[in-house]
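Asks:
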Amino acid sequence: MTKNIIVLQHIPIETPGYLLDLMKQDKYNITTIELDNGEKIPENLSHFDAMFCMGGPMDTWMEEQHYWLVEEKKKIKEYVVNLKKPYLGFCLGCQLLGEVLGGNVTKSNPPEIGILKIKMSKSKDDDLLFSEFSNNIKALQWHSYEVNNLENNKDVTILGSSNTTKYQIFRYMHHAYGIQFHIEIKDDTVEQWSCVPEYEKALEDSLGAGALEKFDKNAKMYMREMNLSAEILYRNFKKLI
């Protein structure tokens, strides 16, 4: 049976990327909501089999500048907590999940930008999505904020951390996942995203002048490894839906 997927986007160039290619191969029905263009999330979410929530240049606390964040948080909570349906949140989508589950989104010190290492926790060994991942993986990071203070939510399990970010990968119950890094990347991702002023500034502030060429080269060096991680994630996520 064909699956119905809703994708929440915050800027047109931040799509599910490589995961979108895989969903198209499976001929999934994909409904994309471009929130930054004023598109509304449907009232009834029950007929969607999964929700993907992507990244963006804004932050979770910017509700005055981006009024739609208020409604988006309500809808994510409805989908994940009330309906208990499968959810994958990437970068901003990870932070939005963390916030609706009772955590805080705080400034990273330092920001994480580059191809960096994620250390998986022992909890990943019996996780549906991540059990096949090695204990250390390479991941593309491009964020200045992160989720914190989810310890009081006993339904949250940490699956992976970096030196800076404790909640790099976390699971809520057994159906919703926050992934702080970009597992969805493709060969042209770094070049495309560097055109976003906020991303370009963060890149140069973190890595210095001429950082784009170095970052892009490094990303391409590890692209196949990162795409294989995406394939494992996607294959296992299909078991949830």
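Residue 1057 is where the sequence shown starts when you use my numbering, and the numbers rise one by one after that. Glycine included, C-beta positions come from ideal geometry on N, C-alpha and C.
Of the choices 1278, 1277, 1279 and 1247, whose alpha-carbon is the least far from that of residue 1266?
Replies: For the purposes of this step, residue 1266 is identified with residue 210 of the sequence shown, where counting begins at 1. Here the closest residue by C-alpha is 1247.
Asks: I need the DSSP call for residue 1093, collapsed to helix, strand or coil.
Replies: In the sequence shown, counting from the first residue as 1, residue 1093 sits at position 37. In the structure shown, residue 1093 sits in a helix (DSSP, three-state: H, G or I).
Asks: Smallest Cα separation from residue 1190: which of 1215, 1206 and 1201?
Replies: Residue numbering aside, residue 1190 sits at position 134 when the sequence shown is read from its first letter. The option with the nearest alpha carbon to residue 1190 is 1215.
Asks: Count the other CB atoms, across all protein chains shown, that sit within 10 Å of the CB of residue 1253; report buried if there are 16 or more and exposed otherwise.
Replies: The sequence position of residue 1253 within the sequence shown is 197, counting from 1. Exposed: under 16 other Cβ atoms inside 10 Å.
Asks: Comparing the C-beta of residue 1277 with each C-beta of chain B, is any distance below 7 Å?
Replies: No chain B appears in this structure, which consists of one protein chain only.
Asks: Give the straight-line distance between the Cα atoms of residue 1273 and residue 1132, rounded to the nearest whole angstrom.
Replies: Working through the sequence shown from its first residue, we reach residue 1273 at position 217. Working through the sequence shown from its first residue, we reach residue 1132 at position 76. Each residue's alpha carbon lies about 35 Å from the other.
Asks: Does the beta-carbon of residue 1098 have 16 or more other beta-carbons within 10 angstroms, so that it is buried, or is it exposed?
Replies: Reading the sequence shown from its first residue, position 42 is the one you call residue 1098. Residue 1098 should be labelled exposed.
Asks: Using DSSP with H/G/I as helix, E/B as strand and the rest coil, what is residue 1161?
Replies: Within the sequence shown, numbered from 1, the residue matching residue 1161 stands at position 105. Note: residue 1161 maps to strand in three-state DSSP.
Asks: Identify whether residue 1124 lies in helix, strand or coil by the three-state DSSP scheme.
Replies: Start at 1 with the first residue of the sequence shown, and residue 1124 comes out as number 68. Looking at residue 1124 - three-state DSSP - the assignment turns out to be helix.
Asks: Using the Cα positions of residue 1286 and residue 1275, report the straight-line distance between them to the nearest angstrom.
Replies: Position 230 of the sequence shown holds residue 1286. Position 219 of the sequence shown holds residue 1275. Distance between the alpha carbons of residue 1286 and residue 1275: 14 Å.
Asks: Identify the continuous beta strand (DSSP E) that holds residue 1202 and give its terminal residues.
Replies: Stepping through the sequence shown from its first residue, residue 1202 is reached at position 146. Residues 1192 to 1204.
Asks: Could you tell me if residue 1082 is buried or exposed, where buried requires 16 or more neighbouring beta carbons within 10 angstroms of its beta carbon?
Replies: Walking along the sequence shown from the start, residue 1082 turns up at place 26. It is exposed - the Cβ of residue 1082 has fewer than 16 other Cβ atoms within 10 Å.
Asks: Cα separation between residue 1209 and residue 1158?
Replies: Along the sequence shown, one-based indexing puts residue 1209 at 153. Along the sequence shown, one-based indexing puts residue 1158 at 102. Rounded to the nearest angstrom, the two C-alpha atoms are 7 Å apart.
Asks: Compare the C-alpha of residue 1122 against each of 1092, 1147 and 1096 and name the closest.
Replies: Here residue 1122 is taken as the residue at index 66 of the sequence shown, counted from 1. If we check each option's Cα against that of residue 1122, 1092 comes out closest.
Asks: Do the segment 1135 to 1153 and the segment 1105 to 1124 meet, that is, are 3 or more Cβ pairs less than 8 Å apart?
Replies: Yes: at least three Cβ pairs fall under 8 Å.
Asks: What are the uninterrupted segments assigned as alpha helix (DSSP H) that are 4 or more residues long and contained completely in the segment 1061 to 1107, given in chain order?
Replies: Whole alpha helix (DSSP H) segments, 4+ residues: 1073 to 1081.
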